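Visitor: My questions all concern the structure below.
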Amino acid sequence: ILHVMAKDKATSKSQKIKIEATTNLNKDEVERMVKDSEKFADEDKKRKAVIEARNEADSLAYRAEKTLADAGDKVPAAQKTKIETAIKNLREMQSSDDANRIRQGITELTQALSEAASHLYQQPGAPQPDMGEPAGAGAKTGGGNDNVVDAEYKVQEDK
-5 ILHVMAKDKA
5 TSKSQKIKIE
15 ATTNLNKDEV
25 ERMVKDSEKF
35 ADEDKKRKAV
45 IEARNEADSL
55 AYRAEKTLAD
65 AGDKVPAAQK
75 TKIETAIKNL
85 REMQSSDDAN
95 RIRQGITELT
105 QALSEAASHL
115 YQQPGAPQPD
125 MGEPAGAGAK
135 TGGGNDNVVD
145 AEYKVQEDK
């Protein structure tokens, strides 16, 4: 299946590796396995979608819990309750085998977190989202000892 050879130019030593497929299956068994994989392809895709949705839900629930803990009392009680309820519902939906139901829970929690985040950024003294600065704004100018060395170089190609 794969042949690889490497030679060290300095020492002229070479090494090889050869990987070959070995199987004790006859042609009929291989064909049966291919047919089985084609037959179960849709089921595998559905299972994959459920697993990905569960992983996304778990990650989002963790981030939401961490956000609530970090924000502390800055989140109003009503929004905090809404987020906690959405986390609880999402955790329950994770045991489902329905990817759409899990995604619905993800959407609900995302919306609740979005509302809380917009509230946090509207509070006085809250960090404002970066609206972008003109190019070079805030860059350090002037003197300073940066230990910068100017050098010239020339690219040479091996022939």
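Numbering (this note's numbering), first residue to last: -5 to 153.
Beta carbons are placed, not taken as given, at the ideal position from N, Cα and C, and that holds for glycine.
Because the structure is a prediction, the values reported are computed rather than measured.
Measuring CA to CA, which of Leu54, Lys148 and Asp91 is closest to Glu102?
Guide: The option with the nearest alpha carbon to Glu102 is Leu54.
Visitor: Residues in the same chain with beta-carbon distance under 7 Å from Glu59, minus the five sequence neighbours each way, listed in chain order, please.
Guide: Ile81
Visitor: Under the three-state reduction of DSSP, which class applies to Ile9: helix, strand or coil?
Guide: A small correction: the amino acid at residue 9 is Gln; Ile does not occupy that position in the sequence shown. Three-state DSSP puts Gln9 in a strand.
Visitor: Please state whether DSSP places Asp124 in a helix, a strand or coil.
Guide: Low local confidence applies: a pLDDT of 46 at Asp124 is under 50, so the model's placement there is unreliable, with the coordinate-based value given in what follows. Coil, per DSSP.
Visitor: Three-state secondary structure (DSSP) at Val24?
Guide: Looking at Val24 - three-state DSSP - the assignment turns out to be helix.
Visitor: How about the segment 39 to 48 and the segment 79 to 98: do they share at least three Cβ pairs that are nearer than 8 Å?
Guide: Contact between the segment 39 to 48 and the segment 79 to 98 is present: three or more C-beta pairs spanning the two stretches fall below 8 Å.
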